[in-house]
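Heads up: the sequence lines are chains A and B, in that order.
In terms of numbering that gives the first Met the number 0, the first sequence opens at residue 0 and continues consecutively.
In terms of numbering that gives the first Met the number 0, the second sequence opens at residue 0 and continues consecutively.
Backbone N, C-alpha and C fix where the C-beta goes; we use that ideal spot for every residue, glycine too.
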Amino acid sequence: MTENRTPTEQELDALLDRQPPFDLEAVKIRTLSRIGEQVGQPVKRRAPLRCFLIAAVICALSVSAVAAADYVTAGRLSAALGIRKPAAEQVSEPEPTLEDEMAPVHVEKPSPAPKPEPEPEPPELDAQIASALQVSQGHAQRLRPAVQAVDQTAEDQDVRMTVLQTLGDPSCLYVKLRFDFPEEVAASEYLEFDTFNVSFENADGYGWQEDILERTDRSITCLLTVKLYGQEDLNGQAVTVTVENYGTPHRYTEDEIVQLAGEAGKPYTTIIDPNGTVRWDITEADLASMSPEKSAIAYPEGFTVSVKTDGSKVVTYDGEHGDQMLTAYLVPDFDAVVAGTWEQSWTLQYEDLSLYWEGDTELFDPRLTLTGFRLSPLSWSADFTATEDVPVGETLNFNLIPRDWGVQLRRRDGSLADQPLHWSVGSGSSPVPNEAGLFVTVIAVGNMFDQPIDISDVTAVIIDGQEFPVN
Amino acid sequence: MKDDLSARLRLGDPAALEEAMERYAAYAAKIIAAYLNRTLPAEDMEEALSDVFVSLWNSREHLEGEVKPYLAAIARNAARQKLRQFHPAEALPEDRELVDDTPLPEQQAETAEQAAALRHAINAMAPEDRALFIRFYYLEQTVEEIAAVTGQNASTLRVRLHRGRKRLKQLLLERGVCCD
Numbered sequence: 000m001t002e003n004r005t006p007t008e009q010e011l012d013a014l015l016d017r018q019p020p021f022d023l024e025a026v027k028i029r030t031l032s033r034i035g036e037q038v039g040q041p042v043k044r045r046a047p048l049r050c051f052l053i054a055a056v057i058c059a060l061s062v063s064a065v066a067a068a069d070y071v072t073a074g075r076l077s078a079a080l081g082i083r084k085p086a087a088e089q090v091s092e093p094e095p096t097l098e099d100e101m102a103p104v105h106v107e108k109p110s111p112a113p114k115p116e117p118e119p120e121p122p123e124l125d126a127q128i129a130s131a132l133q134v135s136q137g138h139a140q141r142l143r144p145a146v147q148a149v150d151q152t153a154e155d156q157d158v159r160m161t162v163l164q165t166l167g168d169p170s171c172l173y174v175k176l177r178f179d180f181p182e183e184v185a186a187s188e189y190l191e192f193d194t195f196n197v198s199f200e201n202a203d204g205y206g207w208q209e210d211i212l213e214r215t216d217r218s219i220t221c222l223l224t225v226k227l228y229g230q231e232d233l234n235g236q237a238v239t240v241t242v243e244n245y246g247t248p249h250r251y252t253e254d255e256i257v258q259l260a261g262e263a264g265k266p267y268t269t270i271i272d273p274n275g276t277v278r279w280d281i282t283e284a285d286l287a288s289m290s291p292e293k294s295a296i297a298y299p300e301g302f303t304v305s306v307k308t309d310g311s312k313v314v315t316y317d318g319e320h321g322d323q324m325l326t327a328y329l330v331p332d333f334d335a336v337v338a339g340t341w342e343q344s345w346t347l348q349y350e351d352l353s354l355y356w357e358g359d360t361e362l363f364d365p366r367l368t369l370t371g372f373r374l375s376p377l378s379w380s381a382d383f384t385a386t387e388d389v390p391v392g393e394t395l396n397f398n399l400i401p402r403d404w405g406v407q408l409r410r411r412d413g414s415l416a417d418q419p420l421h422w423s424v425g426s427g428s429s430p431v432p433n434e435a436g437l438f439v440t441v442i443a444v445g446n447m448f449d450q451p452i453d454i455s456d457v458t459a460v461i462i463d464g465q466e467f468p469v470n
Numbered sequence: 000m001k002d003d004l005s006a007r008l009r010l011g012d013p014a015a016l017e018e019a020m021e022r023y024a025a026y027a028a029k030i031i032a033a034y035l036n037r038t039l040p041a042e043d044m045e046e047a048l049s050d051v052f053v054s055l056w057n058s059r060e061h062l063e064g065e066v067k068p069y070l071a072a073i074a075r076n077a078a079r080q081k082l083r084q085f086h087p088a089e090a091l092p093e094d095r096e097l098v099d100d101t102p103l104p105e106q107q108a109e110t111a112e113q114a115a116a117l118r119h120a121i122n123a124m125a126p127e128d129r130a131l132f133i134r135f136y137y138l139e140q141t142v143e144e145i146a147a148v149t150g151q152n153a154s155t156l157r158v159r160l161h162r163g164r165k166r167l168k169q170l171l172l173e174r175g176v177c178c179d
């Protein structure tokens with residue numbers, strides 16, 4: 000399995016324009032002199048900087064855990080641990096002096112306290128989003144704190160894109176968008192956007208898909224579903240949605256498709272990009288000017304210009320294809336009806352409705368420790384550390400975690416409800432050695448629910464027979 | 000004949016380390032250069048390679064089976080460390096993506112035969128996408144790292160990965176390899 004994921008020499012060569020220079024003898028001398036002192040000695044390990052970084056993260060998590068536990072125990076935990084609260088909270092009323100007590104009582108009418116500004120009500124969950132996600136009216140009310148009204152519009156070529164509303168949690172986001180078209184552009188069901196892109200200011204791994212909620216002659220309304228793979232929190236981040244070109248996939252005619260030979264090569268003077276557009280970088284003049292000594296020029300697009308032994312010059316497409324014939328398209332695969340760009344950015348702000356558990360409990364395998372679990376109406380995630388003897392077992396670590404979990408949710412009334420969990424996304428750090436010489440990988444898995452679940456009265460999650468209280 | 004290189008390394012035989020350098024130094028150098036997408040001066044590369052083989056030596060007790068994949072992992076980590084030196088101000092992500100909502104080809108290619116089909120499918124991709132997939136899956140670079148070393152826009156890379164996965168899935172389906 001590890002072998003399967005190791006790059007081959009050929010794959011590496013494809014990324015390099017020349018062999019990396021080094022002197023093997025110099026490497027040998029340098030290496031053997033460095034290990035010379037160790038030969039015959041027990042192996043020593045040096046904890047890399049990343050150990051400390053992870054330790055710092057663990058410390059930060061521990062502080063959070065104490066804070067959360069302290070909140071739940073109304074301060075009893077911090078008192079028991081001897082943790083001081085911030086000074087501002089410890090300021091007490093001064094003791095009354097005798098003079099104070101003897102002074103005539105003068106009761107001043109307290110001025111009426113200013114009325115606190117009422118918290119703005121979170122917006123109602125959009126009816127189309129609720130319908131698409133099969134959320135009942137009562138559940139929709141409980142989801143309201145996770146809803147954000149955006150109502151921002153971008154316009155180009157008389158086409159408007161309006162970001163209407165979002166529903167989100169730390170690792171997933173629903174965005175409702177509407178496109179309005181002028182009279183001369185029909186919102187035909189055959190038309191689509193060429194590019195649909197979502198980006199966050201600080202999130203590395205995520206994916207998205209768009210689904211049509213409603214299509215009329217003048218508008219298209221769609222729901223964007225974004226799923227985060229990493230462990231960043233989406234909430235509070237700036238998000239940008241960019242859409243380009245409205246049109247239809249190109250229907251190719253026979254004369255727009257050509258067959259290119261692979262290794263055999265043909266004297267092409269036209270360079271065709273992999274996406275089908277024609278480039279004219281290599282002209283007859285370029286070929287004519289090639290030095291006979293220079294046998295080949297490789298281009299990053301996969302084309303190679305080479306001089307054959309008989310002196311003829313050929314352009315080949317991707318020699319690695321051997322003698323296969325390749326289909327190349329002379330025109331792009333998309334015909335734009337409205338060529339434009341529509342982009343909107345906003346900052347995500349909504350309440351995290353998640354329930355959390357933090358701790359250290361062996362789960363599923365003696366090598367796995369569950370350190371955190373999060374359950375929200377929209378998604379779930381679990382954090383593990385995996386400890387093993389060898390440092391190349393990252394894939395093994397993920398394999399230790401079953402794909403499907405037969406989980407039960409304990410309700411406030413003590414009843415249990417089945418809630419199967421299936422993880423499909425995850426992230427993991429590289430293994431680092433701990434003090435015992437074992438290799439530790441920090442991994443997280445999770446998934447979105449197909450439709451939101453109601454967690455309003457969930458008090459614990461039971462996984463593999465073990466109960467994890469959440470709050 | 001059975002290759003006993005890892006066994007000899009485990010026993011602490013310096014000659015085995017020398018042999019490992021002869022066999023795999025060029026391979027490790029390619030991983031480092033490909034990861035960084037740049038040619039290092041020879042002296043820097045020699046230092047990086049020396050780090051790789053010293054790491055191999057220091058963790059030899061854990062060696063099992065082939066040395067090559069183990070060494071590839073060490074070389075990737077060495078390149079990652081080097082990348083941090085090149086971009087000290089940039090906070091490169093510690094974690095890397097492993098899976099997404101589209102069933103990942105690498106997860107479906109669990110046998111050697113399937114892995115071979117995956118490799119074949121990746122090789123059949125457009126060169127630009129193939130390079131991206133080799134970086135992402137076999138060099139295990141994050142999107143941010145690929146963007147940092149190639150100068151390409153991270154969002155564009157994500158779009159290409161997203162589309163590439165769809166195409167890859169189709170290619171594998173045509174070969175009867177995947178999917179759920």
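A/Leu-172 beta carbon less than 7 Å from that of A/Leu-233: Numbered from 1 along the first sequence, position 234 holds the residue referred to as residue 233 of chain A. Numbered from 1 along the first sequence, position 173 holds the residue referred to as residue 172 of chain A. Their beta carbons are under 7 Å apart, which means A/Leu-233 touches A/Leu-172 by this criterion.
Please check if any C-beta of chain B sits within less than 7 Å of the C-beta of A/Pro-401. Position 402 of the first sequence, counted from the first residue, corresponds to residue 401 of chain A. False, the Cβ-Cβ gap to chain B never drops below 7 Å.
Run through the region 328-409 of chain A for me and flag every whole beta strand (DSSP E) of 3 or more residues, listed as ranges in chain order. 333-346, 354-362, 364-374, 378-387
Cutoff 6 Å; reference A/Thr-194; Cβ partners in own chain excluding five residues on either side: Looking up residue 194 of chain A in the first sequence gives position 195. These residues qualify, in order along the chain: Glu-243.
With respect to the beta strand (DSSP E) encompassing A/Met-447, which residues constitute its N-terminal and C-terminal limits? Here residue 447 of chain A refers to the residue found at position 448 of the first sequence. Unbroken beta strand (DSSP E) run through A/Met-447: 438-447.
Contact between the region 150-157 of chain A and the region 351-358 of chain A (3+ Cβ pairs under 8 Å): no
Which partner residues of A/Ile-462 appear in the DSSP bridge assignment? As a position in the first sequence, residue 462 of chain A is number 463, starting the count at 1. Partner(s): A/Gln-465.
Kindly indicate the opening and closing residues of the beta strand (DSSP E) around A/Phe-180. In the first sequence, residue 180 of chain A corresponds to position 181, counting from 1. Careful: A/Phe-180 lies outside any beta strand (DSSP E) and carries neither H nor E.
Buried or exposed for A/Thr-340, going by 16 or more other Cβ atoms inside 10 Å? Walking along the first sequence from the start, residue 340 of chain A turns up at place 341. So A/Thr-340 counts as exposed.
Is it buried or exposed, B/Gly-163, if we count other Cβ atoms within 10 angstroms and call 16 or more buried? The count along the second sequence starts at 1 and reaches residue 163 of chain B at position 164. Classification of B/Gly-163: buried, given that the 10 Å Cβ count is 16 or more.
Of the residues that make up the region 12-31 of chain B, which ones have a beta carbon closer than 8 Å to any beta carbon in chain A? Pro-13, Leu-16, Glu-17, Met-20, Glu-21, Ala-24, Ala-25, Tyr-26, Ala-28, Lys-29, Ile-30, Ile-31
Using a Cβ distance threshold of 8 Å, determine whether the region 450-466 of chain A contacts the region 27-36 of chain B, with at least three qualifying pairs required. no
Beta carbon proximity, A/Ala-237 to chain B, threshold 7 Å: As a working note, residue 237 of chain A is residue 238 in the first sequence. By this cut-off, A/Ala-237 is not an interface position.
Please tell me whether A/Asp-179 has its Cβ less than 7 Å away from any Cβ of chain B. Locating residue 179 of chain A in the first sequence gives position 180, where the first residue counts as 1. Not an interface residue.
Nearest chain A C-beta to B/Arg-7 closer than 7 Å, yes or no? For the purposes of this step, residue 7 of chain B is taken as the residue at position 8 of the second sequence. So no, B/Arg-7 is outside the interface.
A/Ala-126, buried or exposed, once every other Cβ within 10 Å from all chains shown has been counted against 16: Position 127 of the first sequence, counting from 1, holds the residue named residue 126 of chain A. Exposed, by the Cβ-count rule.
I'd like the span of the beta strand (DSSP E) that includes A/Ser-128, first residue to last. Locating residue 128 of chain A in the first sequence gives position 129, counting from the first residue. One point to set straight first is that residue 128 of chain A is Ile, not Ser, in the sequence displayed. First-last for A/Ile-128: 126-131, but that is the alpha helix (DSSP H), not the beta strand (DSSP E).
To the nearest angstrom, how far is it from the Cα of B/Ser-5 to the Cα of B/Ala-71? Along the second sequence, one-based indexing puts residue 5 of chain B at 6. Along the second sequence, one-based indexing puts residue 71 of chain B at 72. Each residue's alpha carbon lies about 14 Å from the other.
Within-7 Å CB hit, A/Asp-388 to chain B: Here residue 388 of chain A corresponds to residue number 389 of the first sequence, with the count starting at 1. True, the Cβ-Cβ gap to chain B drops below 7 Å.
Does the beta-carbon of A/Gly-371 have 16 or more other beta-carbons within 10 angstroms, so that it is buried, or is it exposed? As a first step, residue 371 of chain A is located in the first sequence; it is residue number 372 there, counting from the start. Answer is buried; the Cβ neighbour count reaches 16.
With a cut-off of 7 Å, does the C-beta of B/His-61 fall near any C-beta of chain A? The residue labelled residue 61 of chain B in the question sits at position 62 within the second sequence. B/His-61 counts as touching chain A.
For B/Leu-138, go through chain A and note every residue whose CB falls closer than 7 Å to its CB, in chain order. The residue you call residue 138 of chain B lines up with position 139 of the second sequence. Neighbours of B/Leu-138 on chain A, chain order: Pro-6.
Where does A/Leu-233 sit, in a helix, a strand or coil, going by DSSP? Position 234 of the first sequence, counted from the start, is the residue given in the question as residue 233 of chain A. Here A/Leu-233 sits in coil by DSSP.
So, at 7 Å on beta carbons, what are the nonlocal neighbours of A/Arg-45 in its own chain, with the 5 sequence-adjacent residues on each side left out? Residue mapping note: residue 45 of chain A aligns to position 46 of the first sequence, counting from 1. With a pLDDT of 24 at A/Arg-45, under the threshold of 50, the predicted position of this residue should be treated as unreliable, and no value is reported.
Going by C-alpha distance, which of A/Leu-437, A/Leu-408, A/Thr-440, A/Pro-401 is nearest A/Trp-422? Mapped onto the first sequence, residue 422 of chain A falls at position 423. Minimum Cα distance to A/Trp-422 is reached at A/Pro-401.
For chain A, check one thing: does any of its Cβ atoms lie closer than 7 Å to the Cβ of B/Phe-132? Position 133 of the second sequence, counting from 1, holds the residue named residue 132 of chain B. Output row for B/Phe-132: interface = no.
I'd like the span of the alpha helix (DSSP H) that includes A/Glu-10, first residue to last. Here residue 10 of chain A is taken as the residue at index 11 of the first sequence, counted from 1. Looking at the DSSP string, the run of the alpha helix (DSSP H) that includes A/Glu-10 is 8-14.
Using DSSP bridges, identify the partner residues of A/Thr-241. Here residue 241 of chain A refers to the residue found at position 242 when the first sequence is read from its first residue. DSSP lists A/Asn-196, A/Glu-342 as partners of A/Thr-241.
Three or more C-beta pairs below 8 Å linking the region 431-446 of chain A and the region 404-413 of chain A: no
Bridge partners - A/Tyr-251, DSSP secondary structure assignment: On the first sequence, position 252 is the one that residue 251 of chain A refers to. Paired residue(s): none; A/Tyr-251 is not in a bridge.
Taking A/Phe-21 and B/Leu-48 to be in contact with their CB atoms under 8 Å, please state how far apart those CB atoms are, rounded to whole angstroms. Mapped onto the first sequence, residue 21 of chain A falls at position 22. Mapped onto the second sequence, residue 48 of chain B falls at position 49. 6 Å between Cβ atoms; contact.
For A/Met-160, write down the residues that DSSP places opposite it in a beta bridge. Stepping through the first sequence from its first residue, residue 160 of chain A is reached at position 161. Per DSSP, A/Ala-153, A/Phe-178.
Taking CB distances under 7 Å as the criterion, tell me whether B/Val-158 reaches chain A. What you label residue 158 of chain B is simply residue 159 of the second sequence in a count that begins at 1. Cβ-Cβ to chain A under 7 Å: yes for B/Val-158.
Which residues, in chain order, does the region 7-23 of chain A contribute to contact with chain B at a C-beta distance below 9 Å? Thr-7, Glu-8, Gln-9, Glu-10, Leu-11, Asp-12, Ala-13, Leu-14, Leu-15, Asp-16, Arg-17, Gln-18, Pro-19, Pro-20, Phe-21, Asp-22, Leu-23
Compare the C-beta of B/Thr-149 with all C-beta atoms of chain A and state if any pair is closer than 7 Å. As a working note, residue 149 of chain B is residue 150 in the second sequence. Answer no: the Cβ-Cβ gap between B/Thr-149 and chain A never drops below 7 Å.
So if I threshold CB-CB distances at 8 Å, which residues from the region 130-152 of chain A count as touching chain B? none
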